[in-house]
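Chemist: Quick one: the structure is below, questions incoming.
In mature numbering (1 follows the signal peptide of the UniProt record, and there is no 0), the protein residues as written are -34 to -1, 1 to 158.
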């Protein structure tokens, strides 16, 4: 038993020594890293700065040209050398705007185009190959009817609740007025 106790004490001392070495190693590493960070901070001082950035004027006017007349167009895409939408528009001296735009339909991959004109007669679509909405399938139509019926049922229930709440508030107000009158009469009779 005595030998076992000595062995246990010996192992315990070795374990303690290993733990101490580990802690000392961590402290040394942390001290080295801290010193390196301080050196970096000294090497790169921070100095605030400001930059005055002014956007170039986007307006151009040529002498003798009507300011209301314009023309523009652009093509755009989601990545280089790829166009998936465009827009062209111009306005003449009479104030008539003519234009067209198009995009690639994400579902079919086909181009969808619209040509339009805005003038004294209002906005007119001159051409469009946009897909028109399709009629509901029988299943969708039935689901819509079911949803509408449920909505109406809930709306009626809420209307009834609102009416009950209104009547309850009216009764409470009448009761409050009655109690105030009774209290006032009681005070008046005590004063006499």
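Beta carbons: idealized from backbone N, C-alpha and C, even for Gly.
(1) Tell me which residues share the same chain as residue 57 and place their Cβ nearer than 7 Å to its Cβ, disregarding the 5 neighbours each side in the sequence.
(2) With a 10 Å radius around its C-beta and 16 neighbouring C-beta atoms as the bar for buried, classify residue 68 as buried or exposed.
(3) Are residue 92 and residue 98 touching if we call contact CB-CB under 8 Å?
(4) The alpha helix (DSSP H) spanning residue 113 covers which residue range?
(5) Have a look at residue 144 and residue 158 and give me their C-alpha separation to the nearest angstrom.
(6) Since residue 42 is in the beta strand (DSSP E), which residue starts that stretch and which ends it?
(7) Going by the DSSP bridge assignment, what does residue 94 pair with across the sheet?
(8) Go through its chain and collect everything with a Cβ distance to residue 61's Cβ below 8 Å, but skip five positions before and after it.
(9) In the DSSP assignment, what residue or residues form a beta bridge with residue 56?
(10) Quick check: the Cα distance between residue 127 and residue 119, rounded to an integer number of angstroms?
(11) Measure the C-alpha to C-alpha separation of residue 114 and residue 101 and round it to an integer number of angstroms.
(12) Spatial neighbours of residue 89 within its chain, please: C-beta separation below 7 Å, excluding the five flanking residues on both sides.
(13) Answer yes or no: do residue 94 and residue 80 have a C-beta to C-beta separation smaller than 8 Å?
Modeler: If we stick to the structure as given:
(1) 34, 35, 36, 63
(2) buried
(3) no
(4) Annotation for residue 113: the continuous alpha helix (DSSP H) segment containing it runs 104 to 157.
(5) Cα to Cα, residue 144 sits roughly 21 Å from residue 158.
(6) 36 to 42
(7) 80.
(8) 34, 85, 86
(9) For residue 56, which the question treats as bridged, DSSP gives the partners 37, 64.
(10) 12 Å
(11) 18 Å
(12) Cβ within range, chain order: 82.
(13) Yes.
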